[in-house]
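One structure below.
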DNA sequence: AAATGAACCTGTTTGC
DNA sequence: TGCAAACAGGTTCATT
């Protein structure tokens, strides 16, 4: 489900509901996630107060005054929702954090690709999931020049590079396709054959599409919902993703679907070279 | 070293 | 209509 704009949308929804709250209890209904979750492992969170909710790549970090940070990942189908205790739960609700205001933070995830982990702060930066992440695309540290320099002589397709979180954080299948379309780059183009101007265009296109998606509250194709249970509205603005066989809005060429590294890629053969 | 493919799961859509 | 195959917003491990 969630790429950077969706995770950031969830973060913005969660922050005002969680910051300042105290965790009064934790229920693990089904701990079989990507890594096993246990009530014991989350135990130190009991009584902790939430200081902040941050995002890094597609991870959410809930800082607490217990010297530990709750690391959350939504995988493909994960949801985080704050709701009044007693309200009906979504199916596949695996972990529930009870709060001191009568509400609950609920993590649900049908496919169980998501992650819930409590990490001591002094080990947070070295954590294997966070160490080695590339720059945030909406921050100034990501530049076309950086990508140009990093890709000389390499042969990886540019679409696959965009989705490699060690190079750029937070880009998934939808926004990789959309950014390449806006930059006029063919998804199979080898990274070593993209020139400096091409990388500049790509970074600019990436920022534009991510910011527009953020403004729309993210993309809901199947089941993305924010912390209040509402969908995002960027799906209507997608120009290539999931538009196989439809006409390109700019040149009329039919959008094609190919498979790269096991993932669908959508592109316009007329606009992308 | 770098790139691809399979695996992890369940639910929904597509195609015969 | 019914069933099976394909596919889904992600990450990680094994294999070329």
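Numbering (the working numbering), first residue to last: 99 to 371.
Quick reminder that beta carbons are idealized off the backbone N, C-alpha and C, glycines included.
Model, not experiment: these values are computed from the prediction.
Pick from the options that is closest to residue i, judged by C-alpha positions
i           : options            : result
residue 319 : 174, 169, 154      : 174
residue 208 : 359, 342, 127, 326 : 127
residue 171 : 358, 309, 132, 249 : 132
residue 328 : 111, 101, 102      : 111
residue 244 : 255, 326, 290      : 290
residue 235 : 215, 186, 177, 306 : 306
residue 233 : 269, 217, 336, 254 : 269
C-beta contact flag for residue i and residue j at 8 Å
i           : j           : result
residue 169 : residue 227 : yes
residue 115 : residue 325 : yes
Between the CA atoms of residue j and residue i - distance to the nearest angstrom
i           : j           : result
residue 107 : residue 251 : 37 Å
residue 332 : residue 153 : 20 Å
residue 263 : residue 274 : 12 Å
residue 241 : residue 101 : 20 Å
residue 302 : residue 317 : 20 Å
residue 358 : residue 258 : 7 Å
residue 176 : residue 365 : 27 Å
residue 248 : residue 144 : 44 Å
Exposure of residue i, with buried meaning 16 or more beta-carbon neighbours within 10 Å
i           : result
residue 204 : buried
residue 206 : buried
residue 163 : exposed
residue 367 : exposed
residue 296 : buried
residue 356 : exposed
residue 74  : Within the shown structure, residues of the chain are numbered from 99 to 371, placing residue 74 beyond reach of any answer.
residue 136 : exposed
residue 334 : exposed
Quick test of the definition: if touching needs 3 or more C-beta pairs under 8 Å, does the segment 121–130 touch the segment 190–204? yes
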